[in-house]
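Take a look at the structure below.
2 protein chains.
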Amino acid sequence: MERYVHGYSTEEAMRLKDQAATLAHLLHGDLRYPEGATVLEAGCGTGCQTVFLAANNPATQFVSTDVSPSSLATARQAVLARGLTNVQLRQGDIFDLPAGQSFDHIFVCFVLEHLADPAGALRCLRQVLKKDGTITVIEGDHGSFYCHPETLEARRAVDCLVRLQARLGGDALIGRRLYPLLVEAGFRQPEVEPRPVYVDGSRPQLIEGFSRNTFIAMVRGVREQALAHGLIDAPTWDQGIRDLENAARPDGAFCYTFFKAVARGAE
Amino acid sequence: MERYVHGYSTEEAMRLKDQAATLAHLLHGDLRYPEGATVLEAGCGTGCQTVFLAANNPATQFVSTDVSPSSLATARQAVLARGLTNVQLRQGDIFDLPAGQSFDHIFVCFVLEHLADPAGALRCLRQVLKKDGTITVIEGDHGSFYCHPETLEARRAVDCLVRLQARLGGDALIGRRLYPLLVEAGFRQPEVEPRPVYVDGSRPQLIEGFSRNTFIAMVRGVREQALAHGLIDAPTWDQGIRDLENAARPDGAFCYTFFKAVARGAE
Numbered sequence: 066m067e068r069y070v071h072g073y074s075t076e077e078a079m080r081l082k083d084q085a086a087t088l089a090h091l092l093h094g095d096l097r098y099p100e101g102a103t104v105l106e107a108g109c110g111t112g113c114q115t116v117f118l119a120a121n122n123p124a125t126q127f128v129s130t131d132v133s134p135s136s137l138a139t140a141r142q143a144v145l146a147r148g149l150t151n152v153q154l155r156q157g158d159i160f161d162l163p164a165g166q167s168f169d170h171i172f173v174c175f176v177l178e179h180l181a182d183p184a185g186a187l188r189c190l191r192q193v194l195k196k197d198g199t200i201t202v203i204e205g206d207h208g209s210f211y212c213h214p215e216t217l218e219a220r221r222a223v224d225c226l227v228r229l230q231a232r233l234g235g236d237a238l239i240g241r242r243l244y245p246l247l248v249e250a251g252f253r254q255p256e257v258e259p260r261p262v263y264v265d266g267s268r269p270q271l272i273e274g275f276s277r278n279t280f281i282a283m284v285r286g287v288r289e290q291a292l293a294h295g296l297i298d299a300p301t302w303d304q305g306i307r308d309l310e311n312a313a314r315p316d317g318a319f320c321y322t323f324f325k326a327v328a329r330g331a332e
Numbered sequence: 066m067e068r069y070v071h072g073y074s075t076e077e078a079m080r081l082k083d084q085a086a087t088l089a090h091l092l093h094g095d096l097r098y099p100e101g102a103t104v105l106e107a108g109c110g111t112g113c114q115t116v117f118l119a120a121n122n123p124a125t126q127f128v129s130t131d132v133s134p135s136s137l138a139t140a141r142q143a144v145l146a147r148g149l150t151n152v153q154l155r156q157g158d159i160f161d162l163p164a165g166q167s168f169d170h171i172f173v174c175f176v177l178e179h180l181a182d183p184a185g186a187l188r189c190l191r192q193v194l195k196k197d198g199t200i201t202v203i204e205g206d207h208g209s210f211y212c213h214p215e216t217l218e219a220r221r222a223v224d225c226l227v228r229l230q231a232r233l234g235g236d237a238l239i240g241r242r243l244y245p246l247l248v249e250a251g252f253r254q255p256e257v258e259p260r261p262v263y264v265d266g267s268r269p270q271l272i273e274g275f276s277r278n279t280f281i282a283m284v285r286g287v288r289e290q291a292l293a294h295g296l297i298d299a300p301t302w303d304q305g306i307r308d309l310e311n312a313a314r315p316d317g318a319f320c321y322t323f324f325k326a327v328a329r330g331a332e
């Protein structure tokens, strides 16, 4: 199954865990839901965000869904390992949500990038959101990446992710589109903010946690797919990876921007 | 004189004024110097930042220098028009600062991008900074720009700025390099933060003030230079500008990141 550019191997699961630990604080460490609220986390994957959300909001009930049974099994282990009792994991498709149920809030993180019809997915989610409730959407944007020193080969390796995502029907540049997508899907008052990750020599933990173990690891992960699709040749790819590693040093710099949107349900 | 990519025509002076009004708050609206301190503003140009700095810090003395007599004349008018009495304007080159004088703090905004030897300029500035003083450096990075919808033509038009700046000996991608440059120049404890400008349909004032009157106006300003240097053909350029304008609409999005660095003088 080659539906996603990333997310389905064991190595990938470890990368996602590292990524979550570094990024959860930046992306939704400040997110607090009311006591007693019920929150739908649509597309929870292996539970990377789930465990942080549930731990940060112990008096909130989470219903976390994903289409993949194997991802859900990993998520279940993560939830159990942390002794969290406020998470219900359910198999389910965003485009086929149970009718009649509605949620106080919705949380969607790193999901829309994979979908051919993100506005349609948002419309489906709007149907199950109470009108005073909020939807929080967090996505990256690979076009926001740049580094120093930067080379053509480094750029081309990163572009492979964008082109692979596009071939699989997704959009790795979706972060910049959150506002028009939420408007199109009928949500009210969308507010979008960039959440930049900037890494230089004064931030060795981010060099490790973000530049190397999140970003470069993610790029590395699509080598075989990129070569198989003929998007790049092996020498260029390998040089690109070396150049990215070169920028992830104390005298280099790495920049990437995530986008976080919050909007309200329909009247 | 084609030393700078931008900054020397009357239209450009108006653009810079609009830009300053929109950006000064974002970039250094929070900058407060101690009462009685003397601050060197190196490369003040037409005084766009000067007047904001001086108004925000009325008990601080500013010595604002520039190499260009005509820019200084414009700056003088701006300072007089606002009745500011805490600004001394002086002609001078960063690489030829008066020996023996030292300053409590230094401020440099949109200057290093134009210089062939930014680290050398910073070393010169370090010589006139008291050891407990700070240097504040603010620069853009045109490689940080992206928009929605984005086209190849829009990208190519923006790339012309980067390539022109490079041909003139500067670096339009300097924002990402501030940390290594400050380290190289011998400053202590540089702290760099990205200051992103994100524009969508919920921010009509930024569509006007930033996307149209700052960014697109700046790109437009180099049309003849770009064509004369053979960097692009006219139809591609014109399409690129139309595409940028198309992204500066309520259903589009614009992203750009400035960088602000603060570092301390040498021991």
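Taken in order, these protein sequences are the chains called A and B.
Sequential numbering from 66 applies to the first sequence in the working numbering.
Sequential numbering from 66 applies to the second sequence in the working numbering.
Note that the Cβ used here is the ideal one computed from N, Cα and C, for glycine as well.
Quiz item: Where does D197 (chain A) fall in DSSP's three states?
Solution: It is a strand residue.
Exercise. Compare the C-alpha of A120 (chain B) against each of B:H93, B:G251, B:S136 and B:P134 and name the closest.
Key: Of the candidates B:H93, B:G251, B:S136 and B:P134, the one whose C-alpha sits nearest the C-alpha of A120 (chain B) is B:H93.
Self-check item: Under 8 Å between C-beta atoms of L154 (chain A) and A164 (chain A)
Solution: no
Quiz item: So what's P134 (chain B) in DSSP terms, helix, strand or just coil?
Solution: helix
Quiz item: Are the region 300-310 of chain A and the region 217-227 of chain A touching, with three or more C-beta to C-beta distances below 8 Å?
Solution: yes
Quiz item: Is the region 165-172 of chain A touching the region 98-106 of chain A, taking contact as three or more C-beta pairs under 8 Å?
Solution: yes
Practice problem: Determine the DSSP secondary structure at D265 (chain A), reduced to helix, strand or coil. | Solution: coil
Quiz item: What do you get for D236 (chain B), buried or exposed, if any count of 16 or more other CB atoms within 10 angstroms of its CB means buried?
Solution: buried
Self-check item: S129 (chain B), DSSP secondary structure in three states
Solution: strand
Quiz item: If we cut at 8 Å on Cβ distances, does T349 (chain A) have a partner in chain B?
Solution: Any property of residue 349 (chain A) remains undetermined from this structure, which presents chain A solely from 66 to 332.
Self-check item: Where the region 126-139 of chain A meets chain B: residues whose CB sits under 9 Å from a CB there
Solution: none
Quiz item: So, is the C-beta of H213 (chain A) closer than 8 Å to a C-beta in chain B?
Solution: yes
Quiz item: Does any CB atom of chain A fall closer than 8 Å to the CB of D303 (chain B)?
Solution: no
Quiz item: Between which two residues does the alpha helix (DSSP H) containing Y244 (chain B) stretch?
Solution: L243 to E249
Quiz item: What separation, rounded to the nearest whole angstrom, lies between the Cα atoms of T322 (chain A) and R260 (chain B)?
Solution: One C-alpha to the other measures close to 11 Å.
Quiz item: Between G64 (chain B) and R253 (chain B), what straight-line distance do the alpha-carbon atoms span, to the nearest angstrom?
Solution: Examination of residue 64 (chain B) is not possible in this model, given that chain B is present from 66 through 332 alone.
Exercise. Kindly indicate which three-state DSSP category E215 (chain A) falls into: helix, strand or coil?
Key: coil
Self-check item: Chain-ordered neighbours of S167 (chain A) on chain B, where CB pairs are closer than 7 Å
Solution: Within chain B, no residue comes near S167 (chain A); the closest Cβ sits about 26 Å away, beyond 7 Å.
Quiz item: Whose Cβ in chain D lies nearer than 9 Å to the Cβ of D316 (chain A)?
Solution: Judged by its chain identifiers, the structure shown contains no chain D, and its protein chains are A and B.
Quiz item: Would I159 (chain B) pass as a contact of G108 (chain B) if the rule is Cβ separation under 8 Å?
Solution: yes
Exercise. Alpha carbon to alpha carbon, how far is Q304 (chain B) from L246 (chain A)? Give it in angstroms, no decimals.
Key: 25 Å
Quiz prompt | Cβ neighbour criterion (16 or more within 10 Å) applied to H179 (chain A) | solution = buried
Quiz item: Cα-Cα, which of B:T130, B:P183, B:S136 and B:V144 is closest to L162 (chain B)?
Solution: B:T130
Quiz item: Under 9 Å Cβ-Cβ, which residues of chain B neighbour V202 (chain A)?
Solution: Result: empty, since nearest Cβ-Cβ is about 13 Å, beyond 9 Å.
Practice problem: Going by CA-CA distance only, name the one from B:Q126, B:T115 and B:R147 that's closest to L137 (chain B). | Solution: B:T115
Practice problem: Rank B:G157, B:F210 and B:G208 by C-alpha distance to the C-alpha of L190 (chain B) and give the top, closest one. | Solution: B:G157
Self-check item: DSSP beta-bridge partners of I272 (chain B)
Solution: Per DSSP, I272 (chain B) has no beta-bridge partner at all.
Self-check item: C-beta neighbour in chain A for R241 (chain B), strict 8 Å
Solution: yes
Quiz item: When you check each C-beta in the region 258-279 of chain B against every C-beta of chain A, which residues fall closer than 8 Å?
Solution: E258, P259, P261, Y263, D265, G266 and S267
Practice problem: Taking only the alpha-carbon atoms, compute the straight-line gap between R329 (chain B) and A124 (chain B) and give it to the nearest angstrom. | Solution: Rounded to whole angstroms, R329 (chain B) to A124 (chain B) spans 22 Å at the Cα level.
Practice problem: Compute the Euclidean distance between the alpha carbons of M66 (chain B) and V173 (chain B), then round it to the nearest angstrom. | Solution: Annotation note: pLDDT 35 at M66 (chain B) (below 50); position unreliable, coordinate value reported separately. Their Cα atoms are separated by approximately 23 Å.
Self-check item: CB contact check: M66 (chain B) to chain A, cutoff 8 Å
Solution: Reliability of the predicted coordinates at M66 (chain B) is poor, the pLDDT of 35 falling under 50, and no value is obtained from them.
Quiz item: Among B:L243, B:A313 and B:V193, which has the Cα closest to the Cα of G274 (chain B)?
Solution: B:A313
Quiz prompt | Selected residue, minimal CA-CA separation from G296 (chain B), among B:F175, B:F210, B:V128 and B:V223 | solution = Inspection of the sequence shows that residue 296 (chain B) is occupied by Leu rather than by Gly. Here the closest residue by C-alpha is B:V223.
Quiz item: Buried or exposed: where does D265 (chain B) fall if 16 or more other Cβ atoms within 10 Å of its Cβ makes it buried?
Solution: buried
Quiz item: Which of the three DSSP states, helix, strand or coil, is assigned to E289 (chain B)?
Solution: DSSP, read as helix, strand or coil, puts E289 (chain B) in helix.
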